[in-house]
Each structure stands twice: as structure tokens, then as C-alpha cells.
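Okay, structure coming up:
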């Protein structure tokens, strides 16, 4: 007898209509129906056959797989975060590869109470999902988990095989830090979904001290026997791993990078990009922006950039902030010589570009005297594709998704309170979403100084056709992408729809199903030739041993970034990516935002405030004309977050020495570069030094008190108003007393670049 499909109750508590599993929308009220399939940890696969209920809410759909039939009912919230749960929370940024805790249950058995953990985001075999049709009688099929890594390895191309190895190596360090690295060498837990390596659950190391030798033994057992042309070289790599020659992950990643470079040339890649934005049915104006400009469709690129910004804050402010961000990001990134840069160097430049955009928006806020809720800002998510490498950077809650024939995956992590609670190990994500202010942003462009920003950066390897979706929360709210991707995005991968039509469809769906906000999307359709074009050989490993420069701590980067080193230019065929055609459209967009900003500023000060983004010099080499004494201003630590020290007295620069007419020119700031001009003895016991400001960072912006919250983990921590001091700018000259306070905040430096010396003239200074 054929079993009926499970019933899913509408999550709209005013409706609660029973629907069939697989229905996208409630047949009564049109609300989206989440299909949440969960992996049950704590029971064996034979305890509950498919079709059996679990606690009157869940239904078993296969061995250890249940579906939540009442997704609108709040989950149980009274549980402790135990040692086996904590790693899931701390590793939340890696949920592309790892499941997350959905809920904790307790069931009764003949032997007593049994705790169960329900995990979401598990790798399930999509081929086992039923497909409903017009008939009311649809078959009940048992749902299984995705293919075992070892089985998939035997029939995969070298490009995908090396991609999987690279992902394992990337995950090794964070999993080891949380005490679950042995999960990566458990063949039962290791699964694959197309290009992605994924884990069913996490296994505690339980007193073991895993090393890369364990990983080498796993590779030698499960991977080495099924290689042909690569077998000798891969066998040598496994031998060196098992012998303990790899003390850290970096040399191993360098080996894999060389392999990737060799195998990818046989599988050329091109991409198409489309963008679209709309104000929505409710909002009077559109605070979102995108790059390439709205309505653009380009094809056959080998390198490309897409950006989505969602403006926030203040009348006529969000759209200006978004326009500034687009202008600055494109102006900075167009000068990047991608073929000559390492992956770490590219990710570092993405973070640098975000900081530059933040500085200019903050400067605009300060010039227009914007405070609190009137401060303008914007979120940003951008995708930079360099052939098979996809680089993502985001700040705020605009998202990036990857859609493959196997599933839909959120690539980015929101910068909101809910996510912060999870990453700190306090609450599972679903529970964190129920907390007050869960969706409040803790980061956005233009609200705080760049030194306080922590943009997330991620690199993804593309080895097959896929779709990258960038979107503002006008589309992603209420899990719309998760419910729409099968019917509205998957056809694009199979050639049943085109990019322009799909982008229009997404905007229409967002306006109809959400409709509460502006909506902006960017689509990057990647085409990878899976047929090998020519035999390849592995070249020598590139030795990248230049000095490391750390990225912000919360970035999703698994290696310490290093300065980029020159490499041979890529010779991949296809249309090269060029920014200049798009900058014409961006200029028009920024002209509109600049006109609004100019009007506001003119009404207040009579001075034009149209932003002119500066393009930083890419070179960091020492200037050949550096001579004399230079100082960098570096303030010592001033207490802790929970116990801040009193604000120190500022070190001032005066226009003259010990004179009644002397004026206070300004105070030293963190990051300034000073040049010593002359020492002048005085009647006092101390000396005065004449200095010139070679470089001065842009003014800091105060925190927003409204849509954004402090990035401090303690939301109750009081904030102190900063001391009002004048600002020094590059080129200013004056006198500073050479006392203990001055010596405590400066360090002598010779490691300076041209930008650090921009305000210092080569001519000799005049006498005081």
C-alpha cells in the first residue's frame, strides 16, 4: 500500500492550513512553506522506520532523517549548550560545509530518557526528493543522505578531486581548534554534494591529538588507489604527510594550489552577469544600488565583478551611501592586476576596498553633520570572479548564495545580533532569531571607523556550472531564496530560461511575496567546460614566503593572508573583464546621489559635498627618497572592553613655541605619520620639536544609535563621548613638546610607502 505524503502545516499561525510536503506555498494564504529536513543524532538508523512520528511534530522520512511538519511553531528553548554542541555554534561561519543545530529533544525509551540533537543543513541526496505533480497521489519516497566521499571520488574528474582536497585542507585548522578535526577523516561522516565537501555531523576528538599525518593516512587509503596519472605525485604527497613533514597547513595548501593551477587549464570557464534593482511596491525611493548598473547583461567573461548595496539611515541618505560605495569599490578594484596576485592578496584588497568606501561615507556623514539615526550607511556584498576562483566579501545582511544542480547554499554570514550570539557559542541560530533585536545590524558601511569593521571574505573554487546570487534582504527575508530556487533558479542552469528573464522574475517574486523593502539582485552564471581540453602537468609549487599581513579576526579566511607575489599571467581564452564600460553607468548613478548630497550640504554650509573617491596607490614599496626621522603615531592599549581606562590627555601641535599667540592646530591621532624638522631648545627643561604631518587618516565617524548597534559583545556597555579636538591634515606643520607623553605615543619608523609620505614636501623647512 502506497504511503501518503506528509502534511506540512502553514507557518502562518492565523492560517495553519494542512498542505502537502513539497508544496511551495500554502494553498490557503500563499505563505511560503519551509521544507526543513533534519538529521537526527543520538539514535541508530533502525530505531524509527520511515513514516513514524517523533514527538507529534516531526516525521521520519528516512533513516535518521525527519521533516518538521509544524515549522511555524517556536522550538523548545530550555536546554544547555554542552561540549558536543558548542563546536557547531563556534563554526557557524563554515556552515557551507557543516550542519547546524536546529533543536535539542528528549524522548522516552524503555531504558530511560534519550537526548536527541536535530541538525539542519545536512547533505541529503537531492535525487531522492520527490517531485510533486498535478496528481493528488504522489509517492512517498525515503530520503537518504548524500553520496559518500570515497564513492564519489572514484568517478570524479581531477579538477573536482583537487577541489575536495583543498576544501578539506581549508577546514582542517578551524575544526582542529574546536576539537572536531577527526570528523574530516571519518568516511561515514564525509559526504559530497556536487562540488561541495560536507559533513553529516561533527565528531569530538575525545582526547586525541589529530595531525596532518592522520589526514595523509586518510587520503592514502581512500583516494590514492583510485588515481591514474596523478598517482605517483599524490602518493609522494601522502607519504610526506604521514612522515610528519607538514607541521602547518600552509605548505600543504601551497602544494594543492599548484595542482589546482595545473588541472584548471583543461577546463576553461566563462561567466554571464546580470543585475536588477527595484524600489518595491511600498517605498517611495530606492536606497539600493548595484554594479554593473541596473538592467545590464554581459556574457562570456573570464573575470567579472558584481556588487549589491542596500542603503540605510536618514532622509535621502541610503541611496547616497550606496552610490558612494559602488563608486569607491569599482574605482579601487579596477586597478588590481588579478593575474599577478595571490588569492590572499586579492582577499586583502577586497577588505581594503571596503575600508575605503567606509571612510568616504563616514566623511560625507561628518561633512553633513549627520548623527544617530540620520547617519547614512549601506550594506555590501560583492563577488569578484577570476576564472575558477570566486571571491566574496560582505558587510551587513546582504547575502550571496550558490545554486548548483544539487542544492542552494548560503555563502555569506549576516552581520546581525543573532549571528553574533551563535558565533559566541551562546545559542543555536533558530533560537537566536527569537531574541529581541535579533536582526539588528552590528556592521555596515559608514557608521564606525574602518578600524572597527570586520568584513568577511571567502574564496570558493568553481569546478562546474553554477549560479551565484547576490541580493539585498528585500529578496532574502523570510527564507524566500530557499523556497524559490528549485522552480525559479534551477531552470537557468539547465538552459530552460535566460539570465535577463530570471532576474526580472526574482524582482517580481520579491515584490509580490515580500514587498516590504527595496530589492536588488546580481546574478553570475558560471559555465565550466567539463570535458578535458588538453593533458596537464603539475608545475613546481610556488613558494610564497613574503611577510604576512593579518586580516581582521572575524573574516572567513582559513589562512593568514600574505602579500601577493608576481606570477605568470594567465593565458585562458575568452573575453577579458573590463570595468570601464560600467564606470559610465556608475558615474551617472553617483551623479544622482552626489546631487542629493550636494543639495543637503549646500543648505547647511554653502560648500559642495559631492564625494570624490580617491584611488589608493597599489604600491607598498619604500620610497627611494626617504631620509630623516619619521614617527608613526601608535597609542598604547587603554584598558579592556569591560574595564576601559580613562581617556588620555591629547598630545597637541601648536603654531609657535611657548608664545601667547600660539594656536592649537590639532591633536595627534592613531595612524598619523610625522616627519621631524627641527629641535628647538627652550627656557624650560624640555625641548620642542618642529614636525610636519606626512599622513593623517580620515576623521572617525561616531556610532549609529538606531538601526545599527555597537559591535561590542556586551550590548549594555556604556559609551563615552569622544573628546572634541581639532583635526590635523596632511602637510600641516607645527611644534610638539618632546616630553614623556609624546614619546609614549610615537615609534620611529622607516617602513613607509608613498602614501604615508604624501604630505611631506622634499624641500627644507623654513626656520621657526
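Numbering (the numbering used here), first residue to last: 13 to 780. From the three backbone atoms N, C-alpha and C, an ideal C-beta is built for every residue, glycine too.
{"query": "Proximity of residue 680 and residue 704 at Cβ, strictly below 8 Å", "result": "no"}
{"query": "Secondary structure of residue 44, DSSP reduced to three states", "result": "strand"}
{"query": "Neighbourhood of residue 198 by C-beta distance below 8 Å, restricted to the same chain and skipping five residues each side", "result": "215"}
{"query": "Residue interval of the alpha helix (DSSP H) (run including residue 495)", "result": "492-500"}
{"query": "Residue 761 versus residue 668: straight-line alpha-carbon distance, rounded", "result": "26 Å"}
{"query": "Three-pair Cβ contact test at 8 Å for the segment 345-357 versus the segment 271-287", "result": "no"}
{"query": "Beta-carbon proximity of residue 645 to residue 678, cut-off 8 Å", "result": "no"}
{"query": "Buried/exposed call for residue 424, threshold 16 Cβ in 10 Å", "result": "buried"}
{"query": "Backbone CA spacing between residue 487 and residue 289 [nearest angstrom]", "result": "11 Å"}
{"query": "Residue 770, DSSP secondary structure in three states", "result": "coil"}
{"query": "DSSP three-state assignment for residue 303, whether helix, strand or coil", "result": "strand"}
{"query": "Reduced DSSP secondary structure (H/G/I, E/B, other) of residue 513", "result": "helix"}
{"query": "For residue 25, three-class secondary structure by DSSP", "result": "coil"}
{"query": "Alpha-carbon to alpha-carbon, residue 116 and residue 91", "result": "7 Å"}
{"query": "Inter-residue Cα distance where the pair is residue 402 and residue 742", "result": "38 Å"}
{"query": "Of the residues 97, 29 and 44, the one placed nearest residue 437, counting alpha carbons only", "result": "97"}
{"query": "Minimum C-alpha distance to residue 676 - residue among 439, 747 and 362", "result": "747"}
{"query": "Proximity of residue 236 and residue 247 at Cβ, strictly below 8 Å", "result": "yes"}
{"query": "The segment 70-77 touching the segment 152-162, judged by at least three CB pairs closer than 8 Å", "result": "yes"}
{"query": "Residues near residue 202 in its chain [Cβ-Cβ closer than 6 Å; skip 5 each side]", "result": "161"}
{"query": "Residue 114 versus residue 271 - alpha carbon distance", "result": "38 Å"}
{"query": "Rounded separation between residue 384 and residue 337 - CA only", "result": "20 Å"}
{"query": "Cα-Cα separation between residue 584 and residue 118, rounded to whole angstroms", "result": "Confidence at residue 584 is low in this model, with a pLDDT of 37, below 50, so its placement is unreliable and the value that follows should be read with caution. Using only the alpha carbons, I get a separation of about 56 Å."}
{"query": "Classification of residue 241 by the beta-carbon crowding that lies within 10 angstroms, buried from 16 upward", "result": "exposed"}
{"query": "Cβ neighbours of residue 358 in the same chain (closer than 6 Å, five flanking residues each side left out)", "result": "403"}
{"query": "Buried or exposed by the 16-neighbour rule on C-beta atoms within 10 Å, applied to residue 21", "result": "buried"}
{"query": "Residue 249 classed as buried or exposed, judged by whether at least 16 other C-beta atoms fall within 10 angstroms", "result": "buried"}
{"query": "N- and C-terminal bounds of the alpha helix (DSSP H) containing residue 435", "result": "429-435"}
{"query": "Cβ-based burial, residue 428 [other Cβ within 10 Å; buried from 16]", "result": "buried"}
{"query": "Among 279, 641 and 433, the one whose alpha carbon lies nearest that of residue 400", "result": "279"}
{"query": "Nearest-angstrom Cβ-Cβ length linking residue 292 and residue 24, presumed shorter than 8 Å", "result": "About 21 Å; that fails the 8 Å criterion."}
{"query": "Classification of residue 195 by the beta-carbon crowding that lies within 10 angstroms, buried from 16 upward", "result": "buried"}
{"query": "Helix, strand or coil at residue 36 according to DSSP, with G and I counted as helix", "result": "coil"}
{"query": "Unbroken beta strand (DSSP E) run spanning residue 396, endpoints", "result": "389-398"}
{"query": "Residue 378 - containing alpha helix (DSSP H), residue span", "result": "355-379"}
{"query": "N-terminal and C-terminal residue of the alpha helix (DSSP H) that residue 288 is part of", "result": "Residue 288 -> not in any alpha helix (DSSP H); beta strand (DSSP E) instead, spanning 281-290."}
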